[in-house]
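Have a look at the structure below before the remarks.
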Amino acid sequence: MNSNSKIDLKNQIDKDVQSIFWPLNFMQIILLNPKYHVKNNIICPNNFLNNVFLISGFITCIVTSIYRIIETVFDENLIRYSDSNYYFYLSASVFDFSVRFSGFIMNFILNFGKTKQHVLVALYFQEVHRFIKNENSNKHFILISWLSVAGIFGYYIFLMIYLYFFLFRPPLYGLFYIFCIIIVDINTIYFISLIILLTDKVKLWNLALLLTQRNGCRMYCRQMFLAYDKILKCYDIVKELYQVLVSNN
Numbered sequence: 001m002n003s004n005s006k007i008d009l010k011n012q013i014d015k016d017v018q019s020i021f022w023p024l025n026f027m028q029i030i031l032l033n034p035k036y037h038v039k040n041n042i043i044c045p046n047n048f049l050n051n052v053f054l055i056s057g058f059i060t061c062i063v064t065s066i067y068r069i070i071e072t073v074f075d076e077n078l079i080r081y082s083d084s085n086y087y088f089y090l091s092a093s094v095f096d097f098s099v100r101f102s103g104f105i106m107n108f109i110l111n112f113g114k115t116k117q118h119v120l121v122a123l124y125f126q127e128v129h130r131f132i133k134n135e136n137s138n139k140h141f142i143l144i145s146w147l148s149v150a151g152i153f154g155y156y157i158f159l160m161i162y163l164y165f166f167l168f169r170p171p172l173y174g175l176f177y178i179f180c181i182i183i184v185d186i187n188t189i190y191f192i193s194l195i196i197l198l199t200d201k202v203k204l205w206n207l208a209l210l211l212t213q214r215n216g217c218r219m220y221c222r223q224m225f226l227a228y229d230k231i232l233k234c235y236d237i238v239k240e241l242y243q244v245l246v247s248n249n
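Take 1 as the starting number for the sequence shown in UniProt numbering and just add one per residue.
Structural data, given as structure tokens:
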């Protein structure tokens, strides 16, 4: 899909749409991984400060990954192993480094170079949401999103505390590496959440279609067509953004 749409990339975003996306955006901001900027109910591509966060997170992940693979290669304990064990572990470490490293690069491109597409997804979704909405469904999604955010951060915080204070004391870079892994893995959660949102809109659209067939309102039919078009555009952009990154994970 060509994402160069005529829709204004600096546009007002409704409060209820902000509340739907806020749990997802909150976890991205905490991880120095913002996808767009919202201020005074105006949504726009990442500003200078957001880009500073993105670059800082990217540099942290790259430096941590390089340091980790260098330390693995020259680890004296590993070198004492037999050649077969050492080279097997080394090969596995290099493979893991390559996959993670490429994930960090793609994640940076996804958020730094594709920020306009993320804005388009939010604005297209808003156009559909203004026409087709269900308050109970929205509240359920927001609740599940917050529980997911709390669960993900709670798990990794518990893991880091357990590893550092109870099991053994890993080097400080190990904690940074866990942080970097979360940055990439959290995009999978973001992708799944977007698909759930769009799938819910498709279900609501199908219900609205049944009502349209009964009432036979021509104006309503036109609005239904426009809503369906926006849903498809959202799907296309999400597919364009995430298919490589998700397959890489």
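Cβ atoms here follow ideal geometry from the backbone N, Cα and C, with glycine treated the same way.
Keep in mind that this is a model prediction, so the values were computed, not measured.
Contact between V121 and A227 is absent: CB atoms are separated by about 15 Å, not below the 8 Å threshold. Sixteen is the threshold: since fewer than 16 other Cβ atoms of the shown chains lie within 10 Å of the Cβ of S98, the residue is exposed.
Taking a contact as a CB-CB distance under 8 Å, the pair I42 and Q12 counts as one, their CB atoms being some 6 Å apart.
In this structure, the alpha-carbon of N111 lies about 17 Å from that of L123. Between the alpha carbons of I231 and D200 lies a gap of roughly 11 Å. Residue burial is scored here from C-beta neighbours: Y36 has at least 16 other C-beta atoms within 10 angstroms and is therefore classed as buried.
Beyond the five residues adjoining it in sequence on each side, F26 comes within less than 7 Å, by CB distance, of V149 in the same chain, given in chain order. Here N107 has I183, V184, N187 and L245 as same chain residues with Cβ atoms under 7 Å from its own Cβ, once five neighbours each way along the sequence are excluded. If you check the CB distance, Y173 and R68 come in under 8 Å.
In the DSSP assignment, I42 falls within the beta strand (DSSP E) that extends over I42 to C44. With contacts defined as CB atoms closer than 8 Å, I152 and I196 fail to qualify as a contacting pair.
In this structure, the straight-line span from the alpha carbon of V119 to that of C44 is close to 6 Å. In the three-state scheme derived from DSSP, where H, G and I count as helix and E and B as strand, N11 is classed as strand.
The beta carbon of T115 lies closer than 7 Å to those of K35, Y36, P45 and N46 in the same chain, with the five residues before and after it left out. When rounded, the separation of the alpha-carbon atoms in N40 and D14 is 10 Å.
Setting aside the 5 residues that flank it on each side, L32 is surrounded in the same chain by F53, L54, S56 and G57, each with a C-beta closer than 7 Å to its C-beta; the list follows chain order.
With a threshold of 16 other beta carbon atoms within 10 Å, L194 meets it and is buried. Residues of the same chain with a CB within less than 6 Å of the CB of N85, apart from the 5 flanking positions on each side, do not exist. In the DSSP assignment, K139 falls outside any beta strand (DSSP E) and within the unbroken alpha helix (DSSP H) covering E135 to I161.
When secondary structure is reduced to three states using DSSP, K35 falls in the coil class, being assigned neither helix nor strand.
Distance from P170 to Y162 at the Cβ level is roughly 11 Å; contact not present, criterion being Cβ atoms closer than 8 Å.
Scanning its chain for C-beta atoms nearer than 7 Å, with the 5 sequence neighbours on each side dropped, one finds around I132 the residues K201, L204, W205, A208 and A227, in chain order. Distances from the CA of W22 to each of L211, C180, F141 and L167 were compared; the closest alpha carbon is that of F141. Counting C-beta atoms within 10 angstroms of its own C-beta, V238 has 16 or more neighbours from the protein chains shown and is therefore classed as buried. Around the beta carbon of S91, fewer than 16 other beta carbons lie within 10 angstroms, which makes this residue exposed. Distance from the CA atom of F179 to the CA atom of E135, rounded to whole angstroms, is 35 Å.
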